[in-house]
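Visitor: Terminal number for the sequence shown in numbering that gives the first Met the number 0: 259, no gaps in between. We put the CB at the ideal spot given by N, CA and C, even for glycine.
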Amino acid sequence: MNFENILTSTQNGITTITINRPSKLNALNKVTIEELHHAFDAANKDLETKVIIITGSGEKAFVAGADISEFANFSVENGGKLAAKGQEILFDFVQNLNTPVIAAVNGFALGGGLELAMAAHFRVASDNAKMGLPEVSLGVIPGYGGTQRLPQLVGKGHAMEMVMTAGMIDAPTALSYGLVNHVVTQEELLPLAEKIASKIMRNSTVAIGKAIQAINANYNDGVNGFEVEIEQFGACFGTEDFKEGTTAFLEKRKAVFPGK
0 MNFENILTST QNGITTITIN RPSKLNALNK VTIEELHHAF DAANKDLETK VIIITGSGEK
60 AFVAGADISE FANFSVENGG KLAAKGQEIL FDFVQNLNTP VIAAVNGFAL GGGLELAMAA
120 HFRVASDNAK MGLPEVSLGV IPGYGGTQRL PQLVGKGHAM EMVMTAGMID APTALSYGLV
180 NHVVTQEELL PLAEKIASKI MRNSTVAIGK AIQAINANYN DGVNGFEVEI EQFGACFGTE
240 DFKEGTTAFL EKRKAVFPGK
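#1: Can you tell me which residues form a DSSP beta bridge with D169?
#2: Out of curiosity, what's the CA-to-CA distance linking D45 and R148?
#3: Note down the Cα distance separating K49 from D40, rounded to an integer number of angstroms.
#4: Look at the Cβ atom of S56, then the Cβ atom of I32, and state whether they are nearer than 8 Å.
#5: Nearest to F90 by alpha carbon, out of T9, T204, L81 and A119?
#6: Can you look up G145 in the DSSP assignment and give me helix, strand or coil?
#7: Give a yes or no on contact between the segment 228-238 and the segment 206-219, applying the rule of three or more CB pairs nearer than 8 Å.
#8: Could you give the C-beta distance for S133 and A83, rounded to a whole number, given that I count them as a contact under 8 Å?
#9: Measure the Cβ-Cβ separation of N95 and N215 and say whether it is below 8 Å.
#10: Could you check if N4 is buried or exposed, using at least 16 other CB atoms within 10 Å of its CB as the buried criterion?
#11: Out of V139, G154, A254 and T184, which one is the CA nearest neighbour of L81?
#12: On the three-state DSSP scale, how would you describe S56?
#13: Look up H181 in the DSSP assignment and give the residues it is bridged to.
#14: Please return the same chain residues whose Cβ sits closer than 7 Å to the Cβ of L188, not counting the five positions on each side in sequence.
#15: What did DSSP end up calling L81 once you bin it into helix, strand or coil?
#16: Is N25 closer than 8 Å to F70 when the C-beta atoms are compared?
#17: Enumerate in chain order the residues of its own chain whose CB-to-CB distance from Q151 is below 7 Å, with the five nearest sequence positions on each side excluded.
#18: Along the chain, where does the alpha helix (DSSP H) that runs through I32 open and close?
#19: Tell me, which residues are paired with Q101 by DSSP?
#20: Can you name, in chain order, every residue of its own chain whose Cβ lies under 6 Å from the Cβ of L178, other than the five neighbours on each side?
#21: Rounded to whole angstroms, how far is the Cβ of T146 from the Cβ of V162, which I believe are closer than 8 Å?
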């Protein structure tokens, strides 16, 4: 597909999706959200893609927030529909992909930008990254999963403070909170994400997908994560990846997994 606001490239099993609106600090508008949905969906279905990296173009921002001009005059009904659709086609969609998603956070990750990063399976950040959910300063609250995912990642107290103050935290603070896994220079950011991706790709993509489902289940209301783990564990035994992995171990050789 030809995209207006994003760039995609696939190399060595890694699909990199880059939000490309530098003049708008990569802010998320309706078109960009829809394009991201299609890009993530295509990468997830691509048999050659083992890991997805999401990042922002330029040196200033991952995503500096949502495009406020698009919803400043919305009604109560329209506001609810905006959040519901966005969560369905992008934020929840990304979280539940079977293909691992790494957010490489460069510069500002605010509002919807931080919510997108949190929807990824984990995050790495450049040392100039600034993260926050400033929505209450606009008279609204995070609507793309921020009030749910942030406490899961950093704890209730830190999340309450970040949301209520509408303030930003820097990369070292994000690291200490557990919001990101690693902090490096901006020049080292994508190489680090690719290095982690290469480690992931040595393992069974089928098993990784099932692990993602099991881990996510712990955060779904009314779902018993232990039961999902048991189910997904058992399902692994019927896969070619399991046969190859166990055979390779017993034969003392490196496994060559069939893939997706």
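Guide: Inspection of the coordinates gives the following:
#1: The residue you call residue 169 lines up with position 170 of the sequence shown. Answer is K129.
#2: Taking the sequence shown and counting its residues from 1, one reaches residue 45 at position 46. Taking the sequence shown and counting its residues from 1, one reaches residue 148 at position 149. When rounded, the distance between both Cα atoms is 27 Å.
#3: Sequence index remark: in the sequence shown, residue 49 carries index 50 (1-based). Sequence index remark: in the sequence shown, residue 40 carries index 41 (1-based). For K49 and D40, the distance between alpha carbons rounds to 13 Å.
#4: Counted from its first residue, the sequence shown places residue 56 at position 57. Counted from its first residue, the sequence shown places residue 32 at position 33. Result no, Cβ atoms of S56 and I32 do not sit closer than 8 Å.
#5: Along the sequence shown, one-based indexing puts residue 90 at 91. Ranking the options by Cα distance to F90, first place goes to A119.
#6: Locating residue 145 in the sequence shown gives position 146, where the first residue counts as 1. Looking at G145 - three-state DSSP - the assignment turns out to be helix.
#7: yes
#8: Along the sequence shown, one-based indexing puts residue 133 at 134. Along the sequence shown, one-based indexing puts residue 83 at 84. The sequence given here places Pro at residue 133; Ser does not occur at that position. Not confirmed; about 22 Å, so no contact.
#9: In the sequence shown, counting from the first residue as 1, residue 95 sits at position 96. In the sequence shown, counting from the first residue as 1, residue 215 sits at position 216. Going by C-beta atoms, N95 is nearer than 8 Å to N215.
#10: Position 5 of the sequence shown, counted from the start, is the residue given in the question as residue 4. It is buried - the Cβ of N4 has at least 16 other Cβ atoms within 10 Å.
#11: The residue labelled residue 81 in the question sits at position 82 within the sequence shown. Comparing Cα-Cα distances from L81 to each of V139, G154, A254 and T184, the minimum goes to V139.
#12: Along the sequence shown, one-based indexing puts residue 56 at 57. Three-state DSSP puts S56 in coil, outside helix and strand.
#13: Your numbering for residue 181 matches position 182 in the sequence shown. Partner(s): V123.
#14: Mapped onto the sequence shown, residue 188 falls at position 189. Hits under 7 Å: A103, N105, V123 and S125.
#15: Position 82 of the sequence shown, counting from 1, holds the residue named residue 81. Three-state result, L81: helix.
#16: Reading the sequence shown from its first residue, position 71 is the one you call residue 70. Reading the sequence shown from its first residue, position 26 is the one you call residue 25. No, the Cβ-Cβ distance between F70 and N25 is not below 8 Å.
#17: Within the sequence shown, residue 151 is the residue found at index 152, counting from 1. Contacts found: Y218.
#18: Within the sequence shown, the letter at position 33 stands for residue 32. Start and end: K29 to K44.
#19: Translated into positions along the sequence shown, residue 101 becomes position 102. Note that residue 101 is Ile in the sequence shown, not Gln. For I101, which the question treats as bridged, DSSP gives the partners I52 and F121.
#20: Here the question's residue 178 lines up with position 179 in the sequence shown. The residues are L152 and V153.
#21: Translated into the one-based positions of the sequence shown, residue 146 becomes position 147. Translated into the one-based positions of the sequence shown, residue 162 becomes position 163. T146 to V162, Cβ: 7 Å. Contact.
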